[in-house]
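S.K.:
Protein chains in written order, with the working numbering: chain A, 13 to 295; chain B, 381 to 655.
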């Protein structure tokens with residue numbers, strides 16, 4: 013069997029008494045766009061931070077191109093070489109607020125690459141154009157809107173030309189038109205640079221649009237991993253509730269078998285007396 | 381329980397256990413902080429040679445820490461100098477001739493008052509600023525972003541501040557001593573009625589250069605304390621506005637305590653050895 017590009021095996025992580033990730037397993041192929049969806053505070057970002065080496069897992073390991081890059085015994089200093097091949101867009105963009113937009117993008121290029129000043133300046137203009145921004149090199153991050161900041165953050169990350177790009181809620185601060193642009197950009201980066209992307213989001217529409225695969229995190233486990241078509245067809249009521257954005261789960265089920273019984277219309281009517289009476293058209 | 385004696389013993393044992401656990405916990409926290417601070421000092425010092433690659437970062441910090449602190453240090457020093465004269469005059473009253481006024485004032489200014497008070501003033505400005513900056517960078521994930529971009533936060537954030545503090549504190553103390561002398565001369569001349577000649581001859585009487593040099597050089601230690609406590613509590617701060625607030629308070633508190641502690645140690649080992 014072909015070894016997958018990035019593989020997360022039995023990842024565990026806790027904070028205090030709160031077991032956030034219990035057993036997370038995901039396989040990601042090269043050039044794939046995978047969205048990880050799930051409720052807020054269920055540890056989606058924690059997965060990204062573990063991949064990025066910002067946190068050490070309590071158990072399990074992460075394998076990148078056949079090599080273990082993260083495990084409980086791995087020290088973060090050993091991570092340096094791999095980290096250069098990863099890029100990350102943070103939720104609040106995490107721009108260095110003591111520097112202008114241009115300096116933000118130039119700083120890692122100047123320090124970590126051997127580019128000349130001219131090349132750096134050209135790269136800044138190019139990557140800003142890629143995210144749809146022009147002429148804001150001299151602006152301080154504090155003067156930008158949330159959406160612009162997250163685009164600058166993206167520009168800063170892609171300027172380093174990472175092979176794997178991790179997005180932490182890339183579209184949560186954006187209006188629908190702008191988030192569509194970002195989605196196009198994510199697919200573009202894959203098509204042009206064969207960039208692998210992992211997107212943590214709860215924006216279902218974006219996830220459908222860009223993802224090759226969608227993984228759903230619930231109670232510290234990946235309860236679903238498949239294509240957007242498959243997740244839509246899933247009969248798991250929790251998944252259906254989540255992707256449809258319903259407030260209540262009317263028929264909670266233990267497993268797939270009891271699902272059939274519980275969607276029995278009579279039962280639901282009995283639980284919901286305000287629903288219309290049985291009509292002659294019902295089975 | 382049937383046996384009240386046994387109940388009492390059990391109770392005592394339980395509380396003793398809790399007390400023991402509490403003590404061990406406190407020791408554990410203390411040792412953990414010691415470890416973090418030692419790591420921080422080590423990681424900062426081994427990066428000092430990298431200074432040459434980004435000199436502008438350090439010079440910028442030197443401007444903020446040195447030049448921008450000067451007005452505050454000047455105001456403090458003028459009053460310290462004046463106050464030292466008034467205190468000495470008060471203590472001498474009727475016992476010691478006023479020609480020794482200059483001597484007493486200069487000794488206290490040069491060895492203790494100027495170095496320690498300058499360090500306090502700078503600490504209140506700088507260690508809080510460092511803790512707040514790093515704490516809020518942690519809150520807004522900028523530290524994580526630096527790590528992701530393979531940028532070394534010790535090298536770009538801590539080391540320039542550390543070097544700037546270590547270099548600029550002695551400079552500030554030199555200014556502080558000069559200004560304090562001026563303050564003391566003005567006070568002596570206009571408020572105590574000691575002539576400039578008498579005051580200066582007294583000052584020169586037992587003036588020793590080594591005292592002054594020790595006073596100036598020990599502030600390098602204070603500078604290091606200011607930078608390291610600020611950085612440490614910034615890194616350890618909890619996320620959010622409250623966490624950053626706590627971090628700044630602790631930074632200024634611990635740097636003040638550590639400055640006094642190290643001042644005592646230096647006085648104990650250096651000045652005691654001298655006499």
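Heads up, the beta-carbon is just placed ideally off N, CA and C, and yes, glycines get one too.
Looking only at DSSP bridge pairs, what is residue 47 of chain A linked to?
M.R.: Against the first chain, residue 47 of chain A aligns to sequence position 35. Beta-bridge pairing links residue 47 of chain A to A:211, A:226.
S.K.: What do you reckon, are the CB atoms on residue 179 of chain A and residue 209 of chain A nearer than 8 Å?
M.R.: Indexing the first chain from 1 puts residue 179 of chain A at position 167. Indexing the first chain from 1 puts residue 209 of chain A at position 197. For residue 179 of chain A and residue 209 of chain A, yes; Cβs fall inside 8 Å.
S.K.: Buried or exposed for residue 604 of chain B, going by 16 or more other Cβ atoms inside 10 Å?
M.R.: Along the second chain, one-based indexing puts residue 604 of chain B at 224. The residue in question, residue 604 of chain B, is buried, as its Cβ has 16 or more Cβ neighbours within 10 Å.
S.K.: Alpha carbon to alpha carbon, what distance is there between residue 129 of chain A and residue 258 of chain A?
M.R.: Here residue 258 of chain A is taken as the residue at index 246 of the first chain, counted from 1. Here residue 129 of chain A is taken as the residue at index 117 of the first chain, counted from 1. Their backbone Cα atoms lie some 52 Å apart in a straight line.
S.K.: Would residue 543 of chain B count as contacting chain A if we go by Cβ distances under 8 Å?
M.R.: Here residue 543 of chain B is taken as the residue at index 163 of the second chain, counted from 1. False, the Cβ-Cβ gap to chain A never drops below 8 Å.
S.K.: How many whole angstroms separate the CB atoms of residue 248 of chain A and residue 221 of chain A, which I take to be in contact at a CB cut-off of 8 Å?
M.R.: Position 236 of the first chain, counted from the start, is the residue given in the question as residue 248 of chain A. Position 209 of the first chain, counted from the start, is the residue given in the question as residue 221 of chain A. Not quite, the Cβ-Cβ distance comes to about 22 Å (not below 8 Å), so this is no contact.
S.K.: Considering only residues of the same chain and omitting the five flanking positions on each side of residue 620 of chain B, which have a CB-CB separation below 7 Å?
M.R.: Indexing the second chain from 1 puts residue 620 of chain B at position 240. Around residue 620 of chain B: 519.
S.K.: Are the Cβ atoms of residue 229 of chain A and residue 96 of chain A separated by less than 8 Å?
M.R.: Here the question's residue 229 of chain A lines up with position 217 in the first chain. Here the question's residue 96 of chain A lines up with position 84 in the first chain. Taking 8 Å as the Cβ cut-off, residue 229 of chain A and residue 96 of chain A do not qualify as a contacting pair.
S.K.: Would you call the region 471-485 of chain B and the region 565-574 of chain B touching, i.e. three or more CB-CB distances under 8 Å?
M.R.: Cβ pair count under 8 Å is three or more, so yes.
S.K.: Can you find a C-beta in chain B that's less than 8 Å from the C-beta of residue 73 of chain A?
M.R.: Mapped onto the first chain, residue 73 of chain A falls at position 61. It does not; no Cβ of chain B falls within 8 Å.
S.K.: With 8 Å as the limit, tell me which residues of the region 393-415 of chain B have their beta carbon closer than that to any beta carbon of chain A; keep them in chain order.
M.R.: Taking 8 Å as the Cβ-Cβ cut-off against chain A, none of the residues of the region 393-415 of chain B qualify.
S.K.: Can a CB atom of chain A be found closer than 8 Å to the CB of residue 528 of chain B?
M.R.: Counted from its first residue, the second chain places residue 528 of chain B at position 148. By this cut-off, residue 528 of chain B is an interface position.
S.K.: If we count the other Cβ atoms within 10 Å of its Cβ and call it buried at 16 or more, is residue 383 of chain B buried or exposed?
M.R.: Taking the second chain and counting its residues from 1, one reaches residue 383 of chain B at position 3. That one is exposed.
S.K.: Would you report the Cα separation of residue 499 of chain B and residue 405 of chain B, rounded to the nearest angstrom?
M.R.: By 1-based counting over the second chain, the position of residue 499 of chain B is 119. By 1-based counting over the second chain, the position of residue 405 of chain B is 25. So the two alpha carbons sit approximately 32 Å from each other.
S.K.: Just the Cα atoms here: how many angstroms apart are residue 636 of chain B and residue 581 of chain B?
M.R.: The count along the second chain starts at 1 and reaches residue 636 of chain B at position 256. The count along the second chain starts at 1 and reaches residue 581 of chain B at position 201. Their Cα atoms are separated by approximately 35 Å.
S.K.: Between the Cα of residue 238 of chain A and the Cα atoms of A:188, A:77, A:37, A:25, which residue gives the shortest distance?
M.R.: For this step, residue 238 of chain A is matched to residue 226 along the first chain. When only C-alpha atoms are compared, the closest one is A:37.
S.K.: Out of B:392, B:564, B:523, state which residue places its alpha-carbon closest to the alpha-carbon of residue 490 of chain B.
M.R.: As a working mapping, residue 490 of chain B is identified with position 110 in the second chain. The option with the nearest alpha carbon to residue 490 of chain B is B:564.
S.K.: Can you grab the Cα-Cα spacing for the pair residue 505 of chain B / residue 444 of chain B, in whole Å?
M.R.: Within the second chain, residue 505 of chain B is the residue found at index 125, counting from 1. Within the second chain, residue 444 of chain B is the residue found at index 64, counting from 1. Roughly 10 Å separates the two Cα atoms.
S.K.: Taking a Cβ distance cut-off of 9 Å, strictly less, list which residues of the region 504-534 of chain B are near chain A, in chain order.
M.R.: Correct list: 513, 516, 517, 520, 521, 522, 523, 524, 525, 526, 527, 528, 529, 530, 531, 532.
S.K.: Can you find the residues in the same chain that come closer than 8 Å, C-beta to C-beta, to residue 472 of chain B, ignoring five residues on each side of it along the sequence?
M.R.: For the purposes of this step, residue 472 of chain B is identified with residue 92 of the second chain, where counting begins at 1. Excluding sequence neighbours, residue 472 of chain B sits near 478, 480, 481, 484.
S.K.: For residue 608 of chain B versus residue 411 of chain B, is the C-beta spacing smaller than 8 Å?
M.R.: Indexing the second chain from 1 puts residue 608 of chain B at position 228. Indexing the second chain from 1 puts residue 411 of chain B at position 31. No; because the gap between Cβ atoms is not below 8 Å, this pair is not in contact.
S.K.: Cα-Cα, which of B:442, B:495, B:648 is closest to residue 453 of chain B?
M.R.: Working through the second chain from its first residue, we reach residue 453 of chain B at position 73. Per the Cα distances, B:495.
S.K.: Just verifying my parser: in three-state terms, what is the DSSP assignment at residue 592 of chain B?
M.R.: Sequence index remark: in the second chain, residue 592 of chain B carries index 212 (1-based). It is helical.
S.K.: Residue 470 of chain B: buried (16+ other C-beta within 10 angstroms of its C-beta) or exposed?
M.R.: Looking up residue 470 of chain B in the second chain gives position 90. Its Cβ having fewer than 16 others within 10 Å, residue 470 of chain B is exposed.
S.K.: Pick out whichever of A:59, A:54, A:122 has its Cα sitting closest to the Cα of residue 100 of chain A.
M.R.: As a working mapping, residue 100 of chain A is identified with position 88 in the first chain. Checking every option, the nearest Cα to that of residue 100 of chain A belongs to A:59.
S.K.: Quick one: complete alpha helix (DSSP H) runs, 4+ long, within the region 520-586 of chain B?
M.R.: Entirely contained in the region 520-586 of chain B, the alpha helix (DSSP H) runs reaching 4 residues are, in chain order, 522-528, 539-567, 576-585.
S.K.: Does DSSP classify residue 652 of chain B as helix, strand or coil?
M.R.: Position 272 of the second chain, counted from the first residue, corresponds to residue 652 of chain B. DSSP places residue 652 of chain B in helix when its eight states are reduced to three.
S.K.: Ordered along the chain, which non-local residues of its own chain (more than five positions away) have a Cβ less than 7 Å from that of residue 242 of chain A?
M.R.: On the first chain, residue 242 of chain A is found 230 positions in, with the first residue counted as 1. Contacts found: none.
S.K.: Between the alpha carbons of residue 77 of chain A and residue 40 of chain A, how many angstroms are there, rounded?
M.R.: As a position in the first chain, residue 77 of chain A is number 65, starting the count at 1. As a position in the first chain, residue 40 of chain A is number 28, starting the count at 1. Computed Cα separation, rounded: 11 Å.
S.K.: Rounded to the nearest angstrom, what separates residue 232 of chain A and residue 22 of chain A at their Cα positions?
M.R.: As a position in the first chain, residue 232 of chain A is number 220, starting the count at 1. As a position in the first chain, residue 22 of chain A is number 10, starting the count at 1. C-alpha separation (whole angstroms): 11 Å.
S.K.: Between the region 101-132 of chain A and chain B, which residues of the former have a C-beta closer than 9 Å to a C-beta of the latter?
M.R.: Correct list: 102, 103, 104, 105, 106, 107, 108, 109, 110, 119, 120, 123, 124.
S.K.: So the beta strand (DSSP E) residue 159 of chain A belongs to, where does it begin and stop?
M.R.: Here residue 159 of chain A is taken as the residue at index 147 of the first chain, counted from 1. Looking at the DSSP string, residue 159 of chain A is not in any beta strand (DSSP E); the run it does join, the alpha helix (DSSP H), is 158-171.
S.K.: Using CA atoms only, rank isn't needed, just tell me which of A:143, A:28, A:204, A:149 is closest to residue 189 of chain A.
M.R.: Here residue 189 of chain A refers to the residue found at position 177 when the first chain is read from its first residue. Looking at the Cα atoms, A:143 is the closest of the given residues.
S.K.: What residue range is occupied by the uninterrupted beta strand (DSSP E) comprising residue 30 of chain A?
M.R.: Against the first chain, residue 30 of chain A aligns to sequence position 18. Counting along the chain, the beta strand (DSSP E) containing residue 30 of chain A begins and ends at 30-40.
S.K.: Applying a beta-carbon distance threshold of less than 9 Å, which residues of chain B neighbour residue 64 of chain A?
M.R.: As a position in the first chain, residue 64 of chain A is number 52, starting the count at 1. Ordered by position in chain B, the residues that pass the 9 Å Cβ test against residue 64 of chain A are 524, 527, 528.
S.K.: Can you name the residues that DSSP bridges to residue 193 of chain A?
M.R.: Against the first chain, residue 193 of chain A aligns to sequence position 181. DSSP, once it has assigned bridges, lists no residue as partnering residue 193 of chain A.
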